[in-house]
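Protein sequence lines, in the order shown, are assigned to chains E and G.
Heads up: the first sequence begins at 3 in my numbering, then just goes up one per residue.
Heads up: the second sequence begins at 3 in my numbering, then just goes up one per residue.
Just so you know, even glycine gets a beta-carbon here, dropped at the ideal spot from N, CA and C.
Structure first, commentary second.
There are 2 protein chains.
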Amino acid sequence: MNPKFTEVEGLAWGKLLNVHSIMARRLEEMLQTRYQISHGEFEVLLRLSWASDNRRRIWELAETSVLTHSGMSRLIERLVKAGLVRRETATEDKRGAYAVITAAGLERIAAAEASNIELVKQHFLSLYNEEELKQMGSFWKRFLNYEEQLAKDETGS
Amino acid sequence: MNPKFTEVEGLAWGKLLNVHSIMARRLEEMLQTRYQISHGEFEVLLRLSWASDNRRRIWELAETSVLTHSGMSRLIERLVKAGLVRRETATEDKRGAYAVITAAGLERIAAAEASNIELVKQHFLSLYNEEELKQMGSFWKRFLNYEEQLAKDETGS
DNA sequence: TATATATGCTTGCGCACGCATTGTCAATAG
DNA sequence: CTATTGACAATGCGTGCGCAAGCATATATA
Chain E
3 MNPKFTEVEG
13 LAWGKLLNVH
23 SIMARRLEEM
33 LQTRYQISHG
43 EFEVLLRLSW
53 ASDNRRRIWE
63 LAETSVLTHS
73 GMSRLIERLV
83 KAGLVRRETA
93 TEDKRGAYAV
103 ITAAGLERIA
113 AAEASNIELV
123 KQHFLSLYNE
133 EELKQMGSFW
143 KRFLNYEEQL
153 AKDETGS
Chain G
3 MNPKFTEVEG
13 LAWGKLLNVH
23 SIMARRLEEM
33 LQTRYQISHG
43 EFEVLLRLSW
53 ASDNRRRIWE
63 LAETSVLTHS
73 GMSRLIERLV
83 KAGLVRRETA
93 TEDKRGAYAV
103 ITAAGLERIA
113 AAEASNIELV
123 KQHFLSLYNE
133 EELKQMGSFW
143 KRFLNYEEQL
153 AKDETGS
């Protein structure tokens, strides 16, 4: 009833929080000042740019993000106002709408993604060698597999 | 001008974001439902409980957090309303104010911290052995040392 | 077909935040 | 002693978010 972290545990977890916080701040500041988009908007534009037909349903974008449906609805609204995305009502289901990335959006996200990758390489990845990066990846994979298993067990019960 | 992540890099960085996001959500939900506090409030209460005299200046709390001074001012206001903290104007400098954690606050934060540690152990730390946790810690230490060096270089120039 | 329920998105409301400004006090210069 | 400057905290305003409710459409049931 009186749990404590060992020193090693405290470093492994606590400093992870610090690392994330520093990198997240840096990335957000860069995206805002250079490209006038938030990190959430960045991720949405990225997903849209990956889509074969440059479009995704709004609920789908919400599911795979931190936001709720209403939050995503407003985020798309901002991107529409900025001319980076347009809405299209779905022909096969008139309740729904697609967010479609525009040419301006594609241009913006290509530049932003390049800056993003450069920044992460310079400030994070460059500090570790190939072997270490592999190990990091395996750590995260183990966690995410465990999470997936948890989710399955829950639906199964 | 067309940077890309290698597969290994993409895993080491991208999945780190996923891990953080999953854990952060879980922690915040737990703190909110069981203890009616946000993660930011949790961290402030924790700092106050560590302080020898159970008090810290408001600007000091702001500096070592994600918030600005105004944000911290309001966060303290909420904690005061909740009876977990009280304000005391600093006797040695009447411009300033201390946030002082109350008995109720100490009680709340002790329970919340225990839950927090348990949750992190169960869902994260338990997946790795001592050796692996040490390695993780060394990764973060390397990053944070590098950051510190950067900051020094900047002030030095 | 008629009715009930579910789904996809939007909107009203309240909350927490940052920015810019203000109020209050301290420190220093003349 | 007074004026100027600076530091700490509080506050007005705008923004983005979640929650809950609403609207339109789709699906299931009889």
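Three-way DSSP call (helix, strand, coil) for residue i in this model
i	result
E:T91	strand
G:S159	At G:S159, the pLDDT of 48 sits below 50, so the modelled position is not reliable and the matter cannot be decided from this model.
Residue range of the alpha helix (DSSP H) that includes residue i
i	result
G:I24	E9 to Y37
E:A112	A105 to H125
G:R97	Element bounds for G:R97: n/a, residue is neither H nor E.
G:A84	No alpha helix (DSSP H) contains G:A84, which DSSP labels as neither H nor E.
E:L129	It is not in any alpha helix (DSSP H) - E:L129 carries neither H nor E in the DSSP assignment.
G:S40	Segment: none, G:S40 is in no alpha helix (DSSP H) and carries neither H nor E.
G:A53	From DSSP, G:A53 is part of no alpha helix (DSSP H); its letter is neither H nor E.
E:L69	Run containing E:L69: none; DSSP gives neither H nor E here.
Residue i burial status per 10 Å Cβ neighbour count (16 or more: buried)
i	result
G:G107	buried
G:W142	buried
E:G85	exposed
E:L152	exposed
E:A101	buried
E:A61	Residue 61 of chain E is actually Trp in this sequence, not Ala. Exposed.
E:W52	exposed
E:N20	exposed
E:G73	exposed
G:Y122	Sequence inspection shows Val at residue 122 of chain G; the Tyr mentioned does not correspond to that position. Per the 10 Å Cβ criterion, buried.
E:H76	The residue you asked about is not His; residue 76 of chain E is Arg in the sequence shown. Flag for E:R76 reads exposed.
G:N118	buried
G:A14	buried
E:E120	exposed
Contacts around residue i, its chain only, beta-carbon distance under 7 Å, and the 5 residues preceding and following it disregarded
i	result
E:T70	A64
8 Å CB neighbourhood of residue i in its chain, flanking five on each side removed
i	result
G:S159	Residue placement at G:S159 is flagged as unreliable, the pLDDT there being 48, under the threshold of 50; the coordinate-derived value follows with that caveat. Nothing meets the Cβ criterion.
E:A92	R59, G98, A99 and Y100
E:I78	V46, I60, L63, V87, R89 and A101
G:R80	E43
Pick from the options that is closest to residue i, judged by C-alpha positions
i	options	result
E:E109	E:E134, E:K17 and E:F44	E:F44
G:V82	G:A116, G:A114, G:A26 and G:I103	G:I103
E:A114	E:S40, E:N56, E:D95 and E:E133	E:S40
E:E150	G:G139, G:H125, G:G16 and G:M32	G:H125
Contacts around residue i, its chain only, beta-carbon distance under 6 Å, and the 5 residues preceding and following it disregarded
i	result
G:K154	none
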